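Below is one structure, written out as structure tokens; comments come after it.
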Amino acid sequence: MITSEQIKNNLKNYLPFLNNEALEKLEAYYFLIEEENQKYNLTGFKDEKLLNEGIIESILTFKFINENILNLSEKEVLDIGAGAGFPTVPYLLINPTFNLTIYEALNKRVNFLNLVKEKLNLKNLEIKHIRCEESKEINKFDFITARAVAELHVLMEISHHVAKIGATFCFLKSKNFLDEVLNSNFITKKLRANFTFFNLEKYFEKENILVTYTKESETPQGIPRKWNQIK
């Protein structure tokens, strides 16, 4: 586990625009994750990797999204399977101008996210113990995202019905994203999705690509299918 001083130095180095309140919240969030990670496998990120690739990279990514793809202010945002809260919770901690809902299927992660909400006073965060394809919140969200949860074709199918017409989908992928795009042929045609790709600056070890598209029409009948058909 890295020290409080190391955390603050890294945060100031990569995120010089943060004020003291934001620095303190992010540090508290880091230690909540590390403490919980000692009890069970909350996230594979630990130590400096947790700070850099988990917290800092999430903030830099969402800063880019907010400035270049969609202004998230007052928007209804959905994060599918956020686990420890990545990629949305770190950005919400420093920019609480949007309403965030997290769908999380694992109860232990739901409990952790509720702990984060309570300890860090995140009033505009709602955590739901549900799988996205089972959600009845039809046409609710303006922006939908996920990181390291499932292949693109799965994310597309399970989330289309909960987005408003005109909503933006923005999924974080790695350098092999084109393989996932090719594997999404069926659902891409079904949803009439037109992709735009953003190659983000390589902040740390891995390459990050944003795969984005807009919901142009109502969700076709029969979508999403049952989970065993989607996989």
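Okay, so the sequence shown: first residue is 20 according to the numbering used here, each after it adds one. Where a beta carbon is used, it is the ideal one built from N, C-alpha and C, also for glycine. Quick caveat, the model's predicted, so the values are computed rather than measured.
- When DSSP states are grouped into helix, strand and coil, R166 belongs to the strand group.
- Beta-bridge pairing by DSSP links H172 to no other residue.
- Excluding residues up to 5 positions away in sequence, nothing lies with its Cβ nearer than 6 Å to the Cβ of K221 in the same chain.
- The count of Cβ pairs closer than 8 Å, one atom from the stretch 98-113 and one from the stretch 163-179, reaches three, so the stretches are in contact.
- Residue state for L89 is assigned as coil, using DSSP reduced to three classes.
- Sorting I21, G185, I113 by C-alpha distance to the C-alpha of N71 places I21 at the top.
- By the CB criterion at 8 Å, K250 and H179 fall outside the cutoff.
- DSSP, read as helix, strand or coil, puts L61 in coil.
- Taking a contact to require three or more Cβ pairs closer than 8 Å, the stretch 182-197 and the stretch 211-227 qualify as touching.
- Beta bridge pairing from DSSP links K192 with I228.
- In its chain, beyond the 5 residues on either side, H180, V181 have a beta carbon closer than 7 Å to the beta carbon of I157.
- The stretch 83-98 and the stretch 40-57 do not touch, with fewer than three beta-carbon pairs separated by less than 8 Å.
- Taking K136 as the centre and dropping the five residues before and after it, the same chain places the C-beta of L144 closer than 6 Å to its C-beta, in chain order.
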